[in-house]
Structure formats: C-alpha cells, structure tokens
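Colleague: Just add 10 to the spot in the sequence shown (first one is 1) and you have my numbering.
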Amino acid sequence: KDVPAYMPPWEAFCNQRCGLYQEFYKVRWENFEETDFSNVENGCTDPGSTWEPDECLPPHLDVFRLREKKTWITQRKDQEAKEELAKAEKAAENRKAGKRKETEVSEPPAKMSRFRRDGKPLVRDVFRLSFGHDFKPDPLDDRNDTIRMGWPRRPEEYPPGFGVAAPPGFCHAKCDCMDDQRGQKPWETSKSWLEQDPQGPQRAADALKMVTTFSEQSRLVRRRGQVSKQVYLESVQHHPAEDTQCKAALYLAKEVETQIHKALKDLPLDALMDGNDEVRIPSLAFMKPGEDYAPVRYLLSPDSSARSWAKISPENGVLSATMGPPSRQAPVTIELYHPEVLGGASLGAVIDCTVTTSSKPVWRSATASLIASFRDVQKCPLTRNARIILQERMSKIYDFENRLAKEDITFGEWLSCMELALRLLRSLAFANLVKSEVQTSRPPPRAVARAN
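#1: Could you say if the stretch 309–318 and the stretch 371–385 meet the contact criterion of at least three C-beta pairs nearer than 8 Å?
#2: Hey, could you find the ends of the alpha helix (DSSP H) His-271 is sitting in?
#3: According to DSSP, is Thr-84 part of a helix, a strand, or is it coil?
#4: To the nearest angstrom, how far is the alpha carbon of Gly-358 from that of Glu-301?
#5: Taking Cβ to Cβ, would you say Leu-435 is nearer than 9 Å to Leu-260?
#6: So which of Cys-28, Cys-66 and Val-289 has the shortest CA-CA distance to Val-50?
#7: Between Ala-304 and Ser-293, is the Cβ-Cβ spacing less than 9 Å?
#8: Can you tell me whether Val-73 is helix, strand or coil according to DSSP?
#9: Could you name the residues that DSSP lists as bridge partners for Asp-409?
#10: May I ask you to report which of helix, strand or coil DSSP gives Met-297?
#11: Check for me: the beta strand (DSSP E) holding Gly-358 runs from which residue to which?
#12: Can you have a look at Gln-269 and say buried or exposed, based on whether 16 or more other CB atoms are within 10 angstroms of its CB?
#13: What would DSSP say about Arg-385, mapped onto helix, strand or coil?
#14: What are the partner residues of Val-246, as DSSP defines its beta bridges?
#15: Please name the residue, chosen from Ile-83, Pro-196 and Gly-142, that lies closest to Met-122 on a Cα-to-Cα basis.
#16: Who does Asp-12 pair with in a DSSP beta bridge?
#17: Rounded to whole angstroms, what's the CA-CA distance from Tyr-202 to Gln-194? Just pull it up for me.
If you want it as structure tokens, here you go:
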C-alpha cells in the first residue's frame, strides 16, 4: 500500500528488527491495516507495517522507495547543517571571549592498579593505551559448565520475537555445541554418509573432473598458485581496465599529501594551545601505500626535545602544547606504531614537524594550491560524479561560489578535512565508489561546471 519510512544500513545493522547491513524500508501492507506485526521478527509498532530489506521490494515500489530515501537525505543534511552552525557559533564565542575548556571532575578518579594479581605488569590494551588487563583464563580441564548453563533450551527462554533454528532444533540437556573452547569431535569433522555411499567415489571423481575441465578454459580463467600450492582460479581480463580515474585520483591524492607535509612544517603554536581546536595528526599522509590504515599508538619520539612542552594523545594523535617552545621554530618528532609485531607494536612511520610562532595562516595558501590542481581537468580528469563528492567535502575549507579559501576555519579543522579528502581519493582510485557517467543524469554543481 505504501512505503512510509527508510532506514540506512548502519542503523539497520544495530536495529533488533533488521540486524543486517542493508537498506531497509517500512512497508505498510494493503488489507492488513489493523494487523499487529509487532510480535514478529521484522514487525513494527505501527499496525499493518513491517521492515523489509531493499532487495525484497519489487520494481513497481521504486517511486515510494526513492521518495523516502530522498526525504531521509534531506532531513539528515538539514540536521548536520544545524549542528555545524551551532558548533561554529560556539567556537566563535569561545575564541572571542578567550575561554578555554575546563575539565569538570564530578568525583575523584578511581585508583588504577599497575600490576596483575601475580605481581607482573598489566597487559596493555591494544587500542585504549591508558588501560591494562589482568586476565588469566582457567585451564580447560578445570572449567565448569557455566558457559553452557545459560544457553536457551526451551521456547520460553528465547526473547520475544525470536526462536530456535529448526533444523536442528533445541539443544538437549548435555549438548555442548555452543562451547567454542572445546575441541571438535570426529563426527563433526567428517561426512560419513558420503564416504559410506556406494556412489561416493564416483561423485568425487566427477567433481574433480568438473574442476579440472573448468580450469582448462583459458579464455575464462587462469590457474594460479601452482608454486605456492595455494591453488585458485583467477578470471581473465579480456579488456584493459580504464585507468584514467585511477591516475587522476592518485595525482590529486599526492597533491593533498604534499600540502599536509608543508603545513606540518609550519605548524602554528596558537593552534596547539587553543583548547577549542583539536590538531589531530593525519597519519594517512605518512604511511606506506600498503600500510595506510590507522595506527594503534602515537608517541613523541624519546629523542625529541618537544617532550618538555608538548604532548600527544597516544590513542587518537591529538597534538597540543602545555607551554611555549624554547625557540621560534621548535622541531617535533612523532612516531606511529602498528600492532603487527608479537609482544609489542611495530614502527609504521616517523613524522617530523616544526612548530612556529607565526600567526599567518599558511594553510589558506595550501588550500588555494590544492583547489587549483582540482580544477585542472587536464592533469586531474576526474569523472563528474567524483568531482561532485570531492567538492562537497572540500566546501568546508573553500568557497566554490566566490572562489576563496574560507577564513573562519581553524588549523585542526583544515587538517581533518585534508585527511578525509585523502582517504576518499585513495579509495576512488581503486574502488567503484560513485556511479559512472552513463548511470546518472544528475547535473554537477555550478562550481564544477565552471571548472569543466
């Protein structure tokens, strides 16, 4: 009858009525307006309605589906615009009044232990580096059956709207299938009904022959892994992939990296001492191509003289200054770590920064240089849809209507925007994040049209 609501995949994944990372729509069923579906798994509190995944909606409901999705996008953009406006007004008021953030302590912090019960140091948490753990699991032979005691074995033990998977049905009193710490039993690792079947050997021979025949189709697949013995079949690419988009995205990504490096060589001290501005080091611009993911630890180098007047959050890389440096140009060395090495973390990158007392916002000239590269369609021939997405992100630091770098942004906001643009460009180079030109008819913004 109607599709009155839309739910994005990240919300649907956390919703008990959906549970899948997929777009869901509320469907109001015809002839069931008074039926209460709230007791079923995907039911709604609204009578006659259920939540259905996008793939289950037939084509003739596309009008309703697109209407609700556009409504949701419009509402979310309005909400984000109001939040950004409120945040900017608050930041402006704080800067004008010269206020700083005050840490409110409602109660004294809990006393932290530094050692385990056996006297050894705590095991440091991989992500929350100020936390440690004292965990020693019981030996498998000495465990009791508490893991199995809470498993539901009757219909009334399941939450409303949920039930047992049938087959196989309810677990019996001595069932241990839910215990992941036990070893597998022989009957669980073999298929005796296949081995005992008189046609089993013939079936296995036919399956092997089918795989062999398919692997010989050189026009379709290519057999790989014959040296490493990790054999797999790779599809054959008959036509070379279009790399114009890839080269353009990587070209602009390199320009973003260059501007970030230059900005950190002239890092303003005022930004580090401003309690309202978070200067988060963009680790992505300094990692190797195969390791460009977030590090688990940020540390000031032990040999860095900045340890006496600066500090960095080991968890998120926010750099700040507790006092002025001893010189007008003070070097700061930051180390980024990955967790791959046993017993500790591996050094992923080293960043050399320079903190200066200059009040000139050097990142504005960096913005102008970056936008000039973005507008150069000869060196950066991005697709129209890719330009639309990038322009939307970079509009936080650049006014495309008046063609001027925005003056009301802080250095921390500029760095955050640059890191987001860099991640997007690297993803655009190797993934299909936007529709091709033939799949959309949406016109580009006026500023993009001018650039083209």
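No residue lacks a Cβ here, since even glycine has one placed at the ideal position from N, Cα and C. Note that the coordinates shown come from a computational prediction; the quantities given were computed from them, not determined experimentally.
Modeller: So, from the data block:
#1: Contact between the stretch 309–318 and the stretch 371–385 is absent: fewer than 3 CB-CB pairs across the two stretches fall below 8 Å.
#2: Under the DSSP assignment, His-271 falls in the alpha helix (DSSP H) whose first and last residues are 254–274.
#3: Note: Thr-84 maps to helix in three-state DSSP.
#4: Distance between the alpha carbons of Gly-358 and Glu-301: 8 Å.
#5: A contact, by the Cβ cut-off of 9 Å.
#6: Of the candidates Cys-28, Cys-66 and Val-289, the one whose C-alpha sits nearest the C-alpha of Val-50 is Cys-28.
#7: In this structure, the beta-carbon distance from Ala-304 to Ser-293 falls below 9 Å.
#8: Here DSSP, grouped into helix, strand and coil, assigns Val-73 to helix.
#9: Bridge partners of Asp-409: Leu-414.
#10: The three-state reading of DSSP puts Met-297 in coil, since its state is none of H, G, I, E or B.
#11: Where Gly-358 is concerned, the enclosing beta strand (DSSP E) stretches over 356–366.
#12: Residue environment for Gln-269: buried (at least 16 other C-beta atoms within 10 angstroms of its C-beta).
#13: In the structure shown, Arg-385 falls within a helical segment according to DSSP collapsed to helix, strand and coil.
#14: Its beta-bridge partners do not exist; DSSP assigns none.
#15: Closest by alpha carbon: Gly-142.
#16: Secondary-structure assignment with DSSP links Asp-12 through a beta bridge to Arg-38.
#17: It is worth fixing the name first, because residue 202 is Ser in this sequence and not Tyr. Whole-angstrom Cα-Cα distance: 16 Å.
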